[in-house]
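Residue numbers (the working numbering), protein chains in the order written: chain P, 105 to 114; chain R, 739 to 953. C-beta: ideal position from N, C-alpha, C; glycine also. The model shown is predicted, which means the values in this text are computed figures rather than measured ones. Here's the structure we're looking at; comments come further down.
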């Protein structure tokens, strides 16, 4: 599933 | 990925490397708050729950593993290493971090983007990260002795979040629908907590004097 954009941050 | 975020991640990485080097080479953790380190281990443990389920990128996974490994090993060093633990200032490092954790948990249960376990844990980790530096700042005020590695550690830690704010502004301007109030507000609160430290740190650096925090 596409990760929520801010979730691709550390 | 943008330059603000990459330099933010690198600054964050530098902060934990500086701390590990300090503890590992001089076998001392004087001036370091174990409470703050435990809070950071909690932040990474609750934020990176999806490390093996949601693959984002090699970079993302490697950095998550590094942050988890460094934060837990710093806590281990300070608690169990026979030499390092002797230099831990437990009389001064008395901040009851439970009084930070519980409100963050309650807030995460109330204010979140989705009421699922993962989302609540992720939000909880954001709130805890925002206040995790408080025991360290309190300890610095009390002990007054800010050796330059500890000063550098706190400075890099604050700089990483400040760079992340630039990253969020950049992403808001360049990506549609990039609106994440919870992330932005907790990140802003976190950076503001460093504001006075930044002020005194930069001043001491400019005047080339030892860093002294006011009483």
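Contact check for residue 870 of chain R and residue 777 of chain R: beta-carbon distance about 4 Å, within the 8 Å limit, so the pair qualifies. For the C-beta of residue 798 of chain R, the chain P residues within less than 8 Å are, from N- to C-terminus, 112 and 114. Taking the beta carbon of residue 742 of chain R as reference, no residue of chain P falls within 8 Å; the closest one sits roughly 11 Å away.
At a cut-off of 8 Å between C-beta atoms, residue 752 of chain R does not count as an interface residue with respect to chain P. Here residue 846 of chain R has 858, 861, 862 and 865 as same chain residues with Cβ atoms under 7 Å from its own Cβ, once five neighbours each way along the sequence are excluded. Within chain P, the residues whose beta carbon sits less than 9 Å from that of residue 916 of chain R are 109 and 110, listed in sequence order.
For residue 882 of chain R and residue 742 of chain R, the gap between their C-alpha atoms comes out near 32 Å. Burial state of residue 905 of chain R is buried, judged by a 10 Å Cβ sphere holding 16 or more other Cβ atoms.
Taking a Cβ-Cβ threshold of 8 Å, the residues of chain P close to residue 913 of chain R are 109, in chain order. At least one CB of chain P lies nearer than 8 Å to the CB of residue 747 of chain R. Every alpha helix (DSSP H) stretch that sits fully inside the stretch 770-842 of chain R and reaches 4 residues is listed by chain position as 772-785 and 796-818. Straight through space, the alpha carbons of residue 892 of chain R and residue 937 of chain R are spaced by roughly 12 Å.
At the C-beta level, residue 877 of chain R and residue 928 of chain R stay beyond 8 Å of one another. Annotation: the continuous alpha helix (DSSP H) that includes residue 762 of chain R extends over 741-764. Between the stretch 836-843 of chain R and the stretch 782-801 of chain R there are fewer than three C-beta pairs closer than 8 Å, too few to call the two in contact. Taking 8 Å as the upper bound for CB-CB distance, residue 740 of chain R and residue 910 of chain R are not in contact here, some 11 Å apart. Under the three-pair Cβ rule at 8 Å, the stretch 777-794 of chain R does not count as touching the stretch 914-929 of chain R.
In this structure, residue 756 of chain R sits near residue 887 of chain R, with a CB-CB distance shorter than 8 Å. Residue-level contact check: residue 921 of chain R touches chain P, since one or more beta carbons of chain P fall below 8 Å from its beta carbon.
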